[in-house]
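S.K.: FYI, the numbering used here numbers position 235 of the sequence shown as 235, with every residue one higher than the one before it.
By construction, the Cβ of each residue, glycine as well, lies at the ideal position given by its N, Cα and C atoms.
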Amino acid sequence: MARLASYLFVAASVPGCTTAFTPNNVPSSGQTSVVSRPTTALGVSSVATSFDLNSYLLSKKGPIEAALEASVKSRIPQTDKICEAMGYSLMAGGKRIRPVLCLAACEMFGGSQETAMPTAVALEMIHTMSLIHDDLPAMDNDDLRRGKPTNHVIYGEDVAILAGDSLLSTSFEHVARETKGVSAEKIVDVIARLGRSVGAEGLAGGQVMDLECEARPGTTLDDLKWIHIHKTGTLLQIAVAAGAILGGATPAEVEACEKFSFNIGLAFQVADDILDCTASSEDLGKTAGKDEAVDKTTYVKLLGLEQSKQYARDLVDEAKACLAPFGERALPLLAIADYIIERGN
1 MARLASYLFV AASVPGCTTA FTPNNVPSSG QTSVVSRPTT ALGVSSVATS
51 FDLNSYLLSK KGPIEAALEA SVKSRIPQTD KICEAMGYSL MAGGKRIRPV
101 LCLAACEMFG GSQETAMPTA VALEMIHTMS LIHDDLPAMD NDDLRRGKPT
151 NHVIYGEDVA ILAGDSLLST SFEHVARETK GVSAEKIVDV IARLGRSVGA
201 EGLAGGQVMD LECEARPGTT LDDLKWIHIH KTGTLLQIAV AAGAILGGAT
251 PAEVEACEKF SFNIGLAFQV ADDILDCTAS SEDLGKTAGK DEAVDKTTYV
301 KLLGLEQSKQ YARDLVDEAK ACLAPFGERA LPLLAIADYI IERGN
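#1: Cutting at 6 angstroms between CB atoms, please list the residues of its own chain near V188, excluding the five before and the five after it.
#2: Counting Cβ pairs, one atom from each stretch, are 3 or more of them under 8 angstroms apart for the segment 218–237 and the segment 77–86?
#3: V316 lies in the alpha helix (DSSP H); which residues open and close that run?
#4: Could you give the DSSP three-state label for P217: helix, strand or coil?
#5: Go ahead and label G202 buried or exposed: buried means 16 or more other beta carbons lie within 10 angstroms of its beta carbon, across all protein chains shown.
#6: Do you know how far the Cα of V182 is from the Cα of A249?
#7: Would K186 and I245 be called neighbours here (beta carbons separated by less than 8 angstroms)?
#8: Tell me, to the nearest whole angstrom, how far the beta carbon of R96 is from that of K61; I am working on the premise that it is less than 8 angstroms.
#9: Going along the chain, which residues of its own chain have a beta-carbon closer than 7 angstroms to the beta-carbon of K309, five neighbours each way excluded?
#10: Tell me where the alpha helix (DSSP H) around V72 begins and ends.
#11: Going by alpha carbons, who is nearest to E255 out of P325, Y311, V153?
#12: Is it the case that the Cβ atoms of V316 and I264 are separated by a distance below 8 angstroms?
#13: DSSP on K186, reduced to helix/strand/coil?
#14: Classify S130 as helix, strand or coil using the three-state DSSP reduction.
#15: Quick one: what does DSSP say P149 is sitting in, helix, strand or coil?
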């Protein structure tokens, strides 16, 4: 379980990340050992700093929920049903990790919550779209999400597909219309990154590869790595990078944030694979054991449970090293990195 109530993080006063987990140094197929931790990263000349992640997340929850709810209000009777379907899944709860990462990154560089909130909303819209579509009978065929019936169970497959489509298109509109206080150039950069996160080299491409690898003999760790870098990791990476851009980060600082979020994106999926075979459906809010039932290739299947846990820990340790130059300003992001692999759902 995540240590939310009283979080203690040790911030390492060491140089920035120099050996980030890239597609070339994540373990490849045939390797039996996980990537070792960098010798210069954590635990060198450390300073203990107390940080209450629970309070931080609660302070963000209210504003995020209010912004999400306002973003899908129907303004004319003809759109009531589609907006209801969009809101059903968007407001169904969830960890809101992507919006919080975006806000935390923006604030780390001196930006405001208000500046980043439209992008935070857009990220959750895109994520929710992916969940609606993932749950469809043509893909994962799931009837439970966040402890509630999935969108297509309530509204039918036709409306569920359209609700997802509408959330996706609205996400870009929302960033363009609602972002204030930063240059048009930065807004365009953020929109371009959001678009890339969903396309062939993002969420959609990762999902197609995931479907192709179901029950396919010979799926390798390299295949799995590509799937999850794109299906899961890209949107998390853009959440942090976009927040940094809106907060005024330099290109080098944005790159450090991208390295951090690349690693936590992979760690997030490794943790999901672990939870799928160790947690209950009640704890997860979705069907547990689904990966094994459809013979999906997972990190647990290829590495084993204990090695998967170590791999996730190594990814997070390396991610945190990337933010060492930012000191205590990075504490929220660092705490969230640990939470990602310690969560119970």
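M.R.: Taking the coordinates as given:
#1: Excluding positions up to five away in sequence, the list is empty.
#2: Taking a cut-off of 8 angstroms on C-beta distances, the segment 218–237 does not touch the segment 77–86, as fewer than three cross pairs fall below it.
#3: Residues 305–322.
#4: Coil.
#5: Here G202 is buried, its C-beta having at least 16 other C-beta atoms within 10 Å.
#6: Rounded to whole angstroms, A249 to V182 spans 12 angstroms at the Cα level.
#7: Cβ atoms of K186 and I245: closer than 8 angstroms.
#8: That belief holds up - the Cβ atoms of R96 and K61 are roughly 7 angstroms apart, short of 8 angstroms.
#9: Excluding its 5 nearest sequence neighbours in each direction, K309 has C-beta neighbours in its own chain below 7 angstroms: I274, listed in chain order.
#10: Careful: V72 lies outside any alpha helix (DSSP H) and carries neither H nor E.
#11: It is P325 whose Cα lies nearest to the Cα of E255.
#12: One thing to note: V316 has its Cβ within 8 angstroms of the Cβ of I264.
#13: In this structure, K186 counts as helix in the three-state DSSP scheme.
#14: If DSSP states are grouped into helix, strand and coil, S130 belongs with the helices.
#15: Residue state, collapsed to three classes: strand.
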